[in-house]
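Chains A and B, in that order, are what the protein sequence lines are. Per full-length UniProt numbering, the very first residue in the first sequence carries number 1; after that it's consecutive. Per full-length UniProt numbering, the very first residue in the second sequence carries number 1; after that it's consecutive. Note that CB positions come from ideal geometry on N, CA and C, so glycine has one too. Report on the following structure.
2 protein chains.
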Amino acid sequence: MSDLVNPVGTRAIARDAVRARISEVAVDLFDEHGFDNVTVEQIAAAVGVSARSVHRYFPAKEDTVIGDPAGWGEHVRDQLASRPSEEPLWDALLASYEALLLTPSRNEAQGRKAMRVLGSTPALRARNLEKHLLWARLLTPIVAERLEGNHRELRAETIVQASLACFDIALTAWAEADAVESSVELLRRSFGALQPTA
Amino acid sequence: MSDLVNPVGTRAIARDAVRARISEVAVDLFDEHGFDNVTVEQIAAAVGVSARSVHRYFPAKEDTVIGDPAGWGEHVRDQLASRPSEEPLWDALLASYEALLLTPSRNEAQGRKAMRVLGSTPALRARNLEKHLLWARLLTPIVAERLEGNHRELRAETIVQASLACFDIALTAWAEADAVESSVELLRRSFGALQPTA
DNA sequence: CCCAATCTGTCAGTGTCTGCCACTTATGGC
DNA sequence: GCCATAAGTGGCAGACACTGACAGATTGGG
Numbered sequence: 001m002s003d004l005v006n007p008v009g010t011r012a013i014a015r016d017a018v019r020a021r022i023s024e025v026a027v028d029l030f031d032e033h034g035f036d037n038v039t040v041e042q043i044a045a046a047v048g049v050s051a052r053s054v055h056r057y058f059p060a061k062e063d064t065v066i067g068d069p070a071g072w073g074e075h076v077r078d079q080l081a082s083r084p085s086e087e088p089l090w091d092a093l094l095a096s097y098e099a100l101l102l103t104p105s106r107n108e109a110q111g112r113k114a115m116r117v118l119g120s121t122p123a124l125r126a127r128n129l130e131k132h133l134l135w136a137r138l139l140t141p142i143v144a145e146r147l148e149g150n151h152r153e154l155r156a157e158t159i160v161q162a163s164l165a166c167f168d169i170a171l172t173a174w175a176e177a178d179a180v181e182s183s184v185e186l187l188r189r190s191f192g193a194l195q196p197t198a
Numbered sequence: 001m002s003d004l005v006n007p008v009g010t011r012a013i014a015r016d017a018v019r020a021r022i023s024e025v026a027v028d029l030f031d032e033h034g035f036d037n038v039t040v041e042q043i044a045a046a047v048g049v050s051a052r053s054v055h056r057y058f059p060a061k062e063d064t065v066i067g068d069p070a071g072w073g074e075h076v077r078d079q080l081a082s083r084p085s086e087e088p089l090w091d092a093l094l095a096s097y098e099a100l101l102l103t104p105s106r107n108e109a110q111g112r113k114a115m116r117v118l119g120s121t122p123a124l125r126a127r128n129l130e131k132h133l134l135w136a137r138l139l140t141p142i143v144a145e146r147l148e149g150n151h152r153e154l155r156a157e158t159i160v161q162a163s164l165a166c167f168d169i170a171l172t173a174w175a176e177a178d179a180v181e182s183s184v185e186l187l188r189r190s191f192g193a194l195q196p197t198a
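As structure tokens, then:
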């Protein structure tokens, strides 16, 4: 679940498996007892490793829920870079996020649970927003490339951040228990809210 | 700088003064040595109080830079609520943020320095974005009120988050050393980036 | 002037996170 | 198959942020 490239070598396979296992156990514990009421030591004990090792796999407790932000961010960036330049900018952005949502990363139920936990604690929300800042740095140059006129940098940044907000809102809504729509459907709807005239 | 309501009673005055002093010293230290390289104990020593007292004024180290988010958020909400209902939504939002920027809160130099420090550390940026989430909760109902059609909630959330992104980008750009434009000018420009057709 | 509310410092404790070291285990060259 | 090297792991000590409890000092209002 962590990498988009297939791990090569038994070592890398084992590492990814352990990583996934820790994340799964952590999310379950957080979902049941609340993020602040679960210590790293408890997670470690439940998995069967030492607390020190948990911190080797995840630099911070919050990352057990968030996962690896950089990897997915680069994925979106590559998608966006490969869109035809004559395509309208917002369409290209939408398509790039959609490609990410359609990537079979982890199973549905686990993903929803992670998103639900993520929305329940300020510390996690904050960490998740940090991920967006990282993505923004990757996407802004590409968007700026496609713009014309003055103040390209500022306008690109605005567009990227706004689109990321759409992405976040769509995923949050999708995680709600009563949401039956697909995440792609919600994403399109959120994007549409910013283009009433187009 | 912390409150919009005038503190009543000498005790409240003293409290606000100490609070402002801690924030000022902290921002200076962060600006010089970096957020992660300054401990709460060092801030406390520089101010002349105990570390425990610093934590009494600010629940978290990051809050010495951010300040009180709720107060300003309510200010924006009130502004937005008082805009005429026939005014276009984005104009009303823009006007509400502008009113906040024009409020003489603290001196220019200190404000810029705080924003610069804020932009320099991921943890601070994230904490600042959390503030936006709090604002969003206040603004979304009012925006939803003005919308028509289906999915008002999701669309309102999208619009609010996007406008907050504009606000954040404008302030960040304003804090840059080489930015000579006013914050209001930058805010308008950022808003404009989302309405190419209107 | 006095009493009570408030403020403050000190201390002890929890939890996250990071180096450091020793030990075990897998990997790849020979 | 053997062995040096690299990688993974656990335990330990320590830095730091943050919290609760307690005692003493300060101050404001009556």
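Open item on the list: Which of the three DSSP states is assigned to D16/A in this structure?
Closed with: DSSP places D16/A in the helix class (H, G or I) of the three-state scheme.
- [ ] Count the other C-beta atoms from every protein chain shown that fall within 10 angstroms of the C-beta of A17/A, then say buried if there are 16 or more, exposed otherwise.
- [x] exposed
- [ ] Specify the secondary structure class of G88/A as computed by DSSP and reduced to three states.
- [x] Residue identity check: residue 88/A is Pro in the sequence provided, not Gly. Note: P88/A maps to coil in three-state DSSP.
Task: Own chain residues within Cβ distance below 8 Å of S85/A, not counting five before or after - done: R146
Task: Rounded separation between L93/A and S163/A - CA only - done: Approximately 7 Å, taken between the alpha carbons.
Open item on the list: If the criterion is Cβ atoms closer than 9 Å, does the pair V65/A and V54/A meet it?
Closed with: no
Open item on the list: Along the stretch 156–174 of chain B, where does the CB come closer than 7 Å to a CB of chain A? Name the residues.
Closed with: E157, T158, I159, Q161, A162, A165, C166, I169 and A173
- [ ] Give a yes or no on whether 9 Å exceeds the smallest Cβ distance from P59/A to chain B.
- [x] no
Task: Rounded separation between L4/A and E108/A - CA only - done: In this prediction, L4/A scores a pLDDT of 40, lower than 50, which makes its location untrustworthy; no coordinate-derived value is stated.
Task: L139/B versus E157/B, N150/B, V25/B and L101/B, residue with shortest Cα-Cα distance - done: E157/B
Open item on the list: Output needed for L118/A: all residues of its chain with C-beta closer than 8 Å, excluding positions within five of it in sequence on either side, in chain order.
Closed with: So the list reads V65, I66, L124, R125, N128 and A175, once near-sequence residues are dropped.
TODO: Measure how close the beta-carbons of I159/B and L89/B come, nearest whole angstrom, since I'm counting them as under 8 Å.
DONE: 7 Å
Task: Cα-Cα separation, V76/B to Y97/B - done: 6 Å
Open item on the list: Can you confirm whether R56/A, when its beta carbon is compared against all beta carbons of chain B, has any partner nearer than 9 Å?
Closed with: no
Task: Three-state secondary structure assigned by DSSP to K61/B - done: coil
Task: Assigned secondary structure, M1/A (DSSP; H/G/I helix, E/B strand, else coil) - done: Confidence at M1/A is low in this model, with a pLDDT of 42, below 50, so its placement is unreliable and the value that follows should be read with caution. If DSSP states are grouped into helix, strand and coil, M1/A belongs with coil.
Open item on the list: Going by DSSP in three states, V49/B sits in which element: helix, strand or coil?
Closed with: DSSP places V49/B in coil when its eight states are reduced to three.
- [ ] Counting only the same chain and skipping the five closest in sequence on each side, list residues whose C-beta sits under 6 Å from that of G9/A.
- [x] none
TODO: Kindly indicate which residue of A26/B, D31/B and L134/B has the alpha-carbon position closest to the one of S120/B.
DONE: D31/B
Open item on the list: Please tell me whether A170/A and L194/A are closer than 9 Å, where the distance is taken between their beta carbons.
Closed with: Going by C-beta atoms, A170/A is not nearer than 9 Å to L194/A.
- [ ] Label V180/B either buried or exposed according to how many other C-beta atoms from any shown protein chain fall within 10 Å of its C-beta, with 16 as the threshold for buried.
- [x] exposed
Task: residue 232/A versus I43/A: straight-line alpha-carbon distance, rounded - done: Any property of residue 232/A remains undetermined from this structure, which presents chain A solely from 1 to 198.
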